[in-house]
Amino acid sequence: MALLSPDDLTGRTPSPIATSPGVSHFGLDRRHSAAASSIVSDRSGHQDRHAAALKYLHKKCDQHKWLEPAEDEFGIIEHSAESLGVLLRRPDGTYAAEPMFVSLQVARAVEMLGAMVAFTMSSEVVGQVLQQTPPRQTEILLGPHRRDVSPIVDSLENIVSGRAIIKRDYNMCFCRNERFLLLWGNTVSGILAHGSDIETRLFDLVLGAQMPAPLMAATHRETIAGRGSSVYPGEPQPPYFPTSPIVDFALDEKQKVIASALEREDQGERLFDPERDGLEIPKRPFLLTHAVIVGLAMILVVVLLTEVRYDGNYMRFALLATVPLFASFSLFFMIVITGSVFQLFGPLSGVQGNSMFYSANAPKLGRQPDYELPHVTIQMPVYKEGLKGVIIPTVETLLKAVKHYEEHGGTASIYVNDDGMRLVNEDLQQARKAYYELNDIGWCARPKHNENPDATKGEIHFVRKGQFKKASNMNYCLDFSLRVEDELQSMLGVVCAERGCTQDDLSIDDETSLYEQARDAIVETDQGRTWAGGNVRLGELILIIDSDTRVPEDCLLYGALEMHESPEVALLQHASGILQVVNNVFENGITYFTNLIYTSIQFAVGNGDCAPFVGHNTFIRWKAIQSISWFDDADQMTKFWSDSHVSEDFDVSLRLQMSNFVVRLATYHSGGFKEGVSLTVYDELARWEKYAYGCNELVFHPLLHWPTHGPLTPLFRRFLASNIKITSKVTILAYIGTYYAIASAIPLTLANYLLVGWAGASVDQFYLTSWQIFVGMAAVFNVLSPLGYAMLRHRLGQATFFAALLETAKWTPMFLLFFGGVSFHLAKAILCHFLGVRMEWTTTAKELAPGGGGFRAGLDRIVRDFKWMYLFCVAVAAGMVYLAVYAPRGWRIEDFAAIVPVANWVGCHALLPFALGLF
Numbered sequence: 013m014a015l016l017s018p019d020d021l022t023g024r025t026p027s028p029i030a031t032s033p034g035v036s037h038f039g040l041d042r043r044h045s046a047a048a049s050s051i052v053s054d055r056s057g058h059q060d061r062h063a064a065a066l067k068y069l070h071k072k073c074d075q076h077k078w079l080e081p082a083e084d085e086f087g088i089i090e091h092s093a094e095s096l097g098v099l100l101r102r103p104d105g106t107y108a109a110e111p112m113f114v115s116l117q118v119a120r121a122v123e124m125l126g127a128m129v130a131f132t133m134s135s136e137v138v139g140q141v142l143q144q145t146p147p148r149q150t151e152i153l154l155g156p157h158r159r160d161v162s163p164i165v166d167s168l169e170n171i172v173s174g175r176a177i178i179k180r181d182y183n184m185c186f187c188r189n190e191r192f193l194l195l196w197g198n199t200v201s202g203i204l205a206h207g208s209d210i211e212t213r214l215f216d217l218v219l220g221a222q223m224p225a226p227l228m229a230a231t232h233r234e235t236i237a238g239r240g241s242s243v244y245p246g247e248p249q250p251p252y253f254p255t256s257p258i259v260d261f262a263l264d265e266k267q268k269v270i271a272s273a274l275e276r277e278d279q280g281e282r283l284f285d286p287e288r289d290g291l292e293i294p295k296r297p298f299l300l301t302h303a304v305i306v307g308l309a310m311i312l313v314v315v316l317l318t319e320v321r322y323d324g325n326y327m328r329f330a331l332l333a334t335v336p337l338f339a340s341f342s343l344f345f346m347i348v349i350t351g352s353v354f355q356l357f358g359p360l361s362g363v364q365g366n367s368m369f370y371s372a373n374a375p376k377l378g379r380q381p382d383y384e385l386p387h388v389t390i391q392m393p394v395y396k397e398g399l400k401g402v403i404i405p406t407v408e409t410l411l412k413a414v415k416h417y418e419e420h421g422g423t424a425s426i427y428v429n430d431d432g433m434r435l436v437n438e439d440l441q442q443a444r445k446a447y448y449e450l451n452d453i454g455w456c457a458r459p460k461h462n463e464n465p466d467a468t469k470g471e472i473h474f475v476r477k478g479q480f481k482k483a484s485n486m487n488y489c490l491d492f493s494l495r496v497e498d499e500l501q502s503m504l505g506v507v508c509a510e511r512g513c514t515q516d517d518l519s520i521d522d523e524t525s526l527y528e529q530a531r532d533a534i535v536e537t538d539q540g541r542t543w544a545g546g547n548v549r550l551g552e553l554i555l556i557i558d559s560d561t562r563v564p565e566d567c568l569l570y571g572a573l574e575m576h577e578s579p580e581v582a583l584l585q586h587a588s589g590i591l592q593v594v595n596n597v598f599e600n601g602i603t604y605f606t607n608l609i610y611t612s613i614q615f616a617v618g619n620g621d622c623a624p625f626v627g628h629n630t631f632i633r634w635k636a637i638q639s640i641s642w643f644d645d646a647d648q649m650t651k652f653w654s655d656s657h658v659s660e661d662f663d664v665s666l667r668l669q670m671s672n673f674v675v676r677l678a679t680y681h682s683g684g685f686k687e688g689v690s691l692t693v694y695d696e697l698a699r700w701e702k703y704a705y706g707c708n709e710l711v712f713h714p715l716l717h718w719p720t721h722g723p724l725t726p727l728f729r730r731f732l733a734s735n736i737k738i739t740s741k742v743t744i745l746a747y748i749g750t751y752y753a754i755a756s757a758i759p760l761t762l763a764n765y766l767l768v769g770w771a772g773a774s775v776d777q778f779y780l781t782s783w784q785i786f787v788g789m790a791a792v793f794n795v796l797s798p799l800g801y802a803m804l805r806h807r808l809g810q811a812t813f814f815a816a817l818l819e820t821a822k823w824t825p826m827f828l829l830f831f832g833g834v835s836f837h838l839a840k841a842i843l844c845h846f847l848g849v850r851m852e853w854t855t856t857a858k859e860l861a862p863g864g865g866g867f868r869a870g871l872d873r874i875v876r877d878f879k880w881m882y883l884f885c886v887a888v889a890a891g892m893v894y895l896a897v898y899a900p901r902g903w904r905i906e907d908f909a910a911i912v913p914v915a916n917w918v919g920c921h922a923l924l925p926f927a928l929g930l931f
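Structure representation (structure tokens):
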């Protein structure tokens, strides 16, 4: 045989070298493109176990007559035997082939697929199947499920050139021009069994055995975006063969009955029953239970104002000036009281059913048998997270969901908005690009932030807008997708005009080629600003996730069905479980707290409240998000997310609801969506600072703009005047007020300390002291609320009452310390916004950095990040000691009720970093 170098694969003349009998080897030369291959000689002879395995595989294939050259109707061989053979990958990455002169196109295709072992099946039965397949058909269904589909390509060249994207897990592909079936796998024994199984299925098709039709229309696996369930409208999908007269229909009917019963038993209530569920989409009720809860909470607030009736002193009305401020502080407190009572004794039917803003039960698959599933784009913003520890595990779950969706007739793609691509080193850049390419992932990366570029180094001026960069990252990538789509549509129009045809008449190869030209043209237009690859087109629906997410396998299917049944829904937020990484004490505590928050949200929304949007694990209707977009003249791009707000998800949710769209919460995946939580107390404090800053910027202008723009932002004024139901407005105001209430703990308790300590006897009874508030909060948040939450978990079947109560008691000390020590940080964030001081946040850490923990590292961070807080706490503590012991008589403050609230927050602030962040 002759040895071929990588140059030979690009058409250059090979140079002769020494030969080795019987076996040739193909391998990827890493210096060349993925399409290039090299052939090296075999120097181990018969001692090479891989050569022995290769000969064994070739012998078995020959015995099965799988390597028979195809013949035409006159018995003439249509192509040489060089296209047929078996290949096996060696440990060094090269491929051994038998016979030695197997086609280079076959070797390149197998190398592109990354298969361990492969062979070409050419037999009479394969030829018969291809002969009965319409010329433009793109796949063959070999069984009752979508996973039994084999794609069809015109030739191996389509695979080698990348025009046909064949995923490795298909394990087979028909090649029309070569007239054979290419099969691949991971083991020799496995691929032989696979070949026998496929041959049996093909034999059944040729004989006319009845094959079940797919539940939904077939979809093309090679399409770059979801144009529909059929690439060529009007063309049949799987080939149809007449039913064989030898089929035992009685036996077949019994098997169908058994299969139906097993499916019904497995699916239970989720299986569609026309008699029970009805053929029409059920109407969703508008529940008012939450309105009752909020109404009762408002009554409790009003009760605080009735003291004037008892003494007739209307001068007290001057104190009403303080009512709006303190009513907003107390709203959440009152809602917790009434909500806890309803958790203990109220109805749960709303939490267990479907309503306008809530879905406890998944849509029924059988209700929409003819529905053409839309293309779903999975959008995943990433930063500098680890490829191995964060991105790859997430993508693996996404690929399973995509495969499941495709098996039911849909198409889906992954679009990574990689904001870390330009920041990591070159090796990591190449690794990310290679991983995205291997898994058919589209991606886009913008330039790094650089306001003062060095032109001599080729640096680009670019500003990554926003104090939290996620919004501007997604805006950039979505705008790039729109520009590519516009360019593609322009090219399609030109080509169709030249050919005198419509877009539906174009082949997949044509559209793929034009798409790549359009994408590359836009990248070139950006002159190095944009890096991109793969499929960046957007589907009808977008599933937005974080980089550390796990998704249920069937989430795309049920999400698409629910969005179809409810066209008024713009955001379908899924409740999330927790993905724990390090399982330390702090992460376990935050896991409990996050579960508490989601369960409380589930209870509130299930009873009629509007659903929240948390920014991930959410299906977004692309047309809805486009309807609230705007063109930014300064940046010359279309924007969807506000990069001038830290809480971009809250902003989008308000704008969509004010545009009469619905935001809905779904819980039927029972925690199948999983998200990471803060791994350290520093990350959690940063999150709370970001939330407080974000709420303040949604409501108020910075103080500097009050004379010209007024105190309230236009968005907040529109929210107050919008048609969002009043009880949901109250709930949102209560949520926002919570951050102000916590942040105000320091100034108000200090004021209370001085007021009660120096003038306690003359304080009006309208005034509630910090001690009274402290006792009331302790009773509500440490007694009533835990009882209500434990009973709610018991009634929902999540845990027994006493087990839930015990778990709450276990974590109560941690959260007493945390919420007692967070006031300074929230007050700092709110003051920074009011005063126009810029604060920035990066993404929450998804994994602990090596060597990032321990006593020494924790102590260093405490000194660096908390020094100003400790200076403030020391000053307050010193002042308290002075006023209690050394101050002149008449100026001393020794009242227990005045001292305890201040001492509580000073102690909690001082202990928080040490107790939760040091170890």
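Residue numbers (our numbering): 13 to 931.
All residues carry an ideal CB built from backbone N, CA and C; glycine is no exception.
State the DSSP-derived secondary structure class of residue i, mapped to helix, strand or coil.
i: CYS622; result: coil
i: LYS651; result: strand
i: ASP695; result: helix
i: GLU536; result: helix
i: HIS628; result: coil
i: GLU528; result: helix
i: ASN487; result: helix
i: TYR427; result: strand
i: THR824; result: helix
i: GLY126; result: coil
i: GLN585; result: strand
i: ASN916; result: helix
i: CYS513; result: coil
i: GLU933; result: The structure shown does not extend to residue 933, since the chain is modelled only from 13 through 931, so no value can be given for it.
Mind checking residue i: buried by the 16 CB within 10 Å criterion, or exposed?
i: PHE814; result: exposed
i: MET228; result: Unreliable positioning characterises MET228 in this predicted model, as indicated by a pLDDT of 35, which lies under 50. The coordinate reading is nonetheless provided below. Buried.
i: GLN117; result: buried
i: ALA205; result: exposed
i: THR3; result: What is shown of the chain runs 13 to 931, which leaves residue 3 out entirely.
i: ILE632; result: buried
i: LYS635; result: exposed
i: VAL742; result: buried
i: ASN464; result: exposed
i: SER578; result: buried
i: VAL475; result: exposed
i: HIS837; result: buried
i: LEU924; result: buried
i: ALA121; result: buried
Closer than 7 Å by C-beta to residue i: which residues in its own chain qualify, once you throw out the five before and the five after it? Chain order, please.
i: GLY891; result: none
i: ILE744; result: none
Within its chain, find whatever has a CB closer than 6 Å to the CB of residue i; leave out the 5 residues flanking it on each side and keep chain order.
i: SER665; result: PHE625, VAL675
i: LEU96; result: LEU79, THR132, SER134
i: ILE911; result: none
i: ASP521; result: ARG175
i: PHE926; result: none
Beta-carbon within less than 8 Å of residue i's beta-carbon, same chain only, minus the 5 sequence neighbours each way: which residues are those?
i: HIS721; result: HIS713
i: ASP517; result: CYS508, ARG511
**Those runs of the alpha helix (DSSP H) which lie wholly inside the region 135–211 and span at least 4 residues** = 136–143, 168–173
**Item:** Sufficient close CB pairs (3 or more, under 8 Å) joining the region 192–212 to the region 117–137
**Value:** yes
**Prompt:** On the three-pair Cβ rule with 8 Å, is the region 655–672 touching the region 705–717?
**Reply:** yes
**Prompt:** Three or more beta-carbon pairs under 8 Å between the region 918–926 and the region 827–836, yes or no?
**Reply:** yes
**Message:** Pairs of beta-carbons, one from the region 603–615 and one from the region 581–594, closer than 8 Å: are there three or more?
**Reply:** yes
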